[in-house]
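Q: Listed in order, the protein sequences are those of chains A and B. Our numbering puts the first residue of the first sequence at 1, with every later residue one more than the last. Our numbering puts the first residue of the second sequence at 1001, with every later residue one more than the last. For glycine and all other residues, C-beta sits at the position ideal for the given N, C-alpha and C.
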Amino acid sequence: DKKKQLQQLDNFIEGVLQEALEEFKQVE
Amino acid sequence: MEERIFGTECEYALFHQLPPPSAQGSGKTAKWSGTSFSENLQEMSHLLVCALRGQNRPLAGEFLANGGRFYIDRGSHPEYATPECRSVADVIAHEKAGDRLVQKLVEEAGGLMAEKDIPGRLHAFKNNHDPRGNTYGSHENYLVSPRAMEKIQQIIPFLITRQIFAGAGKIPHLAPPAFSGEDWLPFAVSQRADFVEHVLSDRASDARGIINTRKREITRSGDNVRLHVILGDSNMSEYALKLKIGTTALVLRMIEDGLGDIPAFLQPVQALKVISRRPAGVHAVEGAGSGHTALEVQSIYLEKALGYFSSHAATGEEKAVLCLWETTLSGLKNLRISPSGVIEDDPGELSRKLDWVIKAWLLNRAREKKNLDWSDPHIKHLDFRYHDLDPETGLFERCASLGLVDRVIEEEAILLAMEAPPHNTRARLRGGIIGEAWGKDVEVLVENWESIRIIAKSKVDGMHPFARQRRSVNGLKANLNDPFEGCNEALLKRVRRFLDKCDEV
């Protein structure tokens, strides 16, 4: 169901954010 | 032209993600410094080629048994070119097969990295720019009649505005001060728009055009020629890819039969760039005092298509694309995005279908939960992660596995396309010959898309019939001039006879 999907997505995004940035700052 | 040949070429970015220096041994840190899109690339792309050769997959140089081509392009970017396809469905299956093949090579290159004591993890991103402002392409090829090429300017307004459904979206490097105010988005709809400088150009790596006019003989099918479109974004979404290729083919068919008047933008390149940041804006066009929005221009083409197909027969695929086009434009008409980039209303569920809308929805979700600004490096990082082909770390891939995005083809079609060529183009002959010759005592040379040569490693008996005909005792050349020719049993028989002869030596 949708709610469970979104929870799994949020967990995934959380994991990606925690795992990480200089590369993306240099442009500034 | 009711029968058409299509194909795409996708460049991928390699991203070498290193563990933090504290987690690396002291000896390794010195050589492998900095996580990077641009350092260590030559070595990393070489590992991909090694991985491909280690797969025991039938190969002939850069060409594969599915008729496609994998190679390392300028800037050490891996590139996959689909075989010649005759349907939009085949293009989608083969482009996605390219994604799967590249990801498989990346995983196998990971094993080679471990063997060579190279730290970190390799990723392949299917997008069109890196954080340092370099761009790489997603090119489309369409076989068109000379009549269409004479009137090719008629497709320019369509190509400029199709980004509203075909764009992959990105957070721009820098927001020019002029790019703000009502209707301006905090993100860009198109990844490639910023890098296009001309309508027509024969350059591909600088001074790029919407259409590339460099002549490359890849077809001699009658007088038909290749239209090479280079302004497109790489699509992760199958739905967006189907719309991009399918609608472009519909417009080409109408141009070939006489499209009638189309309002041309007075400043086409500027319109392309501004639509990317302000898709609802109005742009000056010839002969229309008040100008048009991108959606209005697309609606003009759609109306012409609906009229055209009321008096011309459409294939099942053309009908499906027409329906998809109409539904999507209706969805875009009702899509509401706030000035801060939040999707307020999406009755057409475009956040399941179009890359730039899916991405906007995802990034907003992360921004709201973490209270982050659009310019935050975490959000920029997620922007890139959307295009990561790795099912473990890719944001789009995760959405697909969770059923959060719409698909338009079956997974089986993609798996089949990884191994087998389309059955109704010359790719079948090319792939068939590569497959037949694999493991035999011959070398297969595919120097271009139009021919293939088989060279015997040992000298073949000069008395066999083929050798007498060609006055050559150790080679066979097959011409594949007609891109529509997928069935040539006489040629395949000759090849088999030659290979059998080689085996006897």
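Determine the direct distance from the alpha carbon of Val1269 (chain B) to that of Met1236 (chain B), and round the result to whole angstroms.
A: Taking the straight line from one Cα to the other gives about 25 Å.
Q: What in chain B is Cβ-close to Asp10 (chain A), meaning under 8 Å?
A: Per Cβ cutoff of 8 Å: Arg1365, Lys1369.
Q: Here's the rule: buried if 16 or more other CB atoms are within 10 angstroms of the residue's CB, otherwise exposed. What is Leu1306 (chain B)?
A: By the 10 Å Cβ count, Leu1306 (chain B) comes out exposed.
Q: Rounded to a whole number of angstroms, what is the C-alpha to C-alpha distance between Arg1086 (chain B) and Arg1004 (chain B)?
A: Spanning the two alpha carbons is a distance of roughly 6 Å.
Q: Select from the region 1378-1403 of chain B all residues with a C-beta closer than 8 Å to any C-beta belonging to chain A, and list them in chain order.
A: Of all residues in the region 1378-1403 of chain B, His1378, Lys1380, His1381, Leu1382, Phe1384, Arg1385, Thr1393, Leu1395, Arg1398, Cys1399, Leu1402, Gly1403 have a Cβ within less than 8 Å of some Cβ in chain A.
Q: Which runs of the alpha helix (DSSP H) spanning at least 4 residues fall entirely within the region 1178-1266 of chain B, listed in chain order?
A: Counting only runs of 4 or more, we get 1238-1257.
Q: Ile1358 (chain B) to Glu1011 (chain B), Cα distance in whole Å?
A: So the alpha carbons of these two residues sit roughly 22 Å apart.
Q: Between the alpha carbons of Glu1079 (chain B) and His1129 (chain B), how many angstroms are there, rounded?
A: About 14 Å.
Q: Is Thr1327 (chain B) helix, strand or coil when you go by DSSP?
A: Helix, per DSSP.
Q: Going by Cα to Cα distance, which pick from B:Leu1018, B:Phe1015, B:Arg1121, B:Leu1302 is closest to Ile1262 (chain B)?
A: Selected option, being the one with the closest Cα: B:Leu1302.
Q: Please name the residue in B:Ile1092, B:Leu1252, B:Pro1131, B:Gly1167 whose C-alpha comes closest to that of Arg1147 (chain B).
A: Among B:Ile1092, B:Leu1252, B:Pro1131, B:Gly1167, the Cα nearest to that of Arg1147 (chain B) is on B:Leu1252.
Q: Taking the alpha carbon of Leu9 (chain A) as the reference point, which residue from B:Leu1404, B:Phe1484, B:Glu1436, B:Val1408 has its own alpha carbon closest?
A: Ranking the options by Cα distance to Leu9 (chain A), first place goes to B:Leu1404.
Q: Pull up the distance between the alpha-carbon of Ala1284 (chain B) and that of Ile1455 (chain B), whole angstroms please.
A: Taking the straight line from one Cα to the other gives about 59 Å.
Q: Would you say Gly1007 (chain B) and Asn1141 (chain B) are within 8 Å of each other, going by their C-beta atoms?
A: In this structure, Asn1141 (chain B) lies closer than 8 Å to Gly1007 (chain B) by Cβ.
Q: By DSSP, does Asn1164 (chain B) sit in helix, in strand, or in coil?
A: With the sequence shown as reference, residue 1164 (chain B) is identified as Ile, and Asn is not the correct amino acid for it. Helix at Ile1164 (chain B).
Q: Counting C-beta neighbours from all protein chains within 10 Å, is the total for His1378 (chain B) 16 or more, i.e. buried, or is it exposed?
A: The residue in question, His1378 (chain B), is buried, as its Cβ has 16 or more Cβ neighbours within 10 Å.
Q: With DSSP collapsed to three states, give me the class of His1123 (chain B).
A: Looking at His1123 (chain B) - three-state DSSP - the assignment turns out to be strand.
Q: So Leu1047 (chain B) packs on Met1113 (chain B), CB below 8 Å; how close in whole Å?
A: 7 Å between Cβ atoms; contact.
Q: Excluding the 5 residues flanking Ala1207 (chain B) on each side, which residues of the same chain have their C-beta closer than 8 Å to its C-beta?
A: If we look at Ala1207 (chain B) and ignore the five residues flanking it on each side, its Cβ neighbours are Glu1197, His1198, Ser1201.
Q: Counting only the same chain and skipping the five closest in sequence on each side, list residues whose C-beta sits under 7 Å from that of Gly1287 (chain B).
A: Cβ neighbours of Gly1287 (chain B) beyond the five flanking positions: Pro1263.
Q: For the candidate residues B:Val1446, B:Trp1438, B:Pro1119, B:Val1189, whose alpha-carbon lies nearest to that of Val1274 (chain B)?
A: That would be B:Val1189, whose Cα lies nearest to the Cα of Val1274 (chain B).
Q: Let me check understanding here. Comparing Cα to Cα, which of B:Gly1067, B:Val1106, B:Ala1097, B:Leu1018 lies closest to Glu1411 (chain B)?
A: Answer by Cα proximity: B:Ala1097.
Q: Just curious, the alpha helix (DSSP H) that Gln1103 (chain B) is in, first and last residue?
A: Looking at the DSSP string, the run of the alpha helix (DSSP H) that includes Gln1103 (chain B) is 1088-1115.
Q: To the nearest angstrom, report how far apart Asp1500 (chain B) and Leu1064 (chain B) are at their CA atoms.
A: Approximately 22 Å, taken between the alpha carbons.
Q: Helix, strand or coil for Ala1065 (chain B) per DSSP?
A: Ala1065 (chain B) falls in the coil class under three-state DSSP.
Q: Mapping DSSP to helix, strand and coil, what is Val1342 (chain B)?
A: Correct three-state label for Val1342 (chain B): coil.
Q: Tell me whether Glu28 (chain A) sits in a helix, a strand or coil according to DSSP, three-state version.
A: Residue placement at Glu28 (chain A) cannot be trusted, given a pLDDT of 36 that sits under 50; what the coordinates show is reported in the next sentence. If DSSP states are grouped into helix, strand and coil, Glu28 (chain A) belongs with coil.
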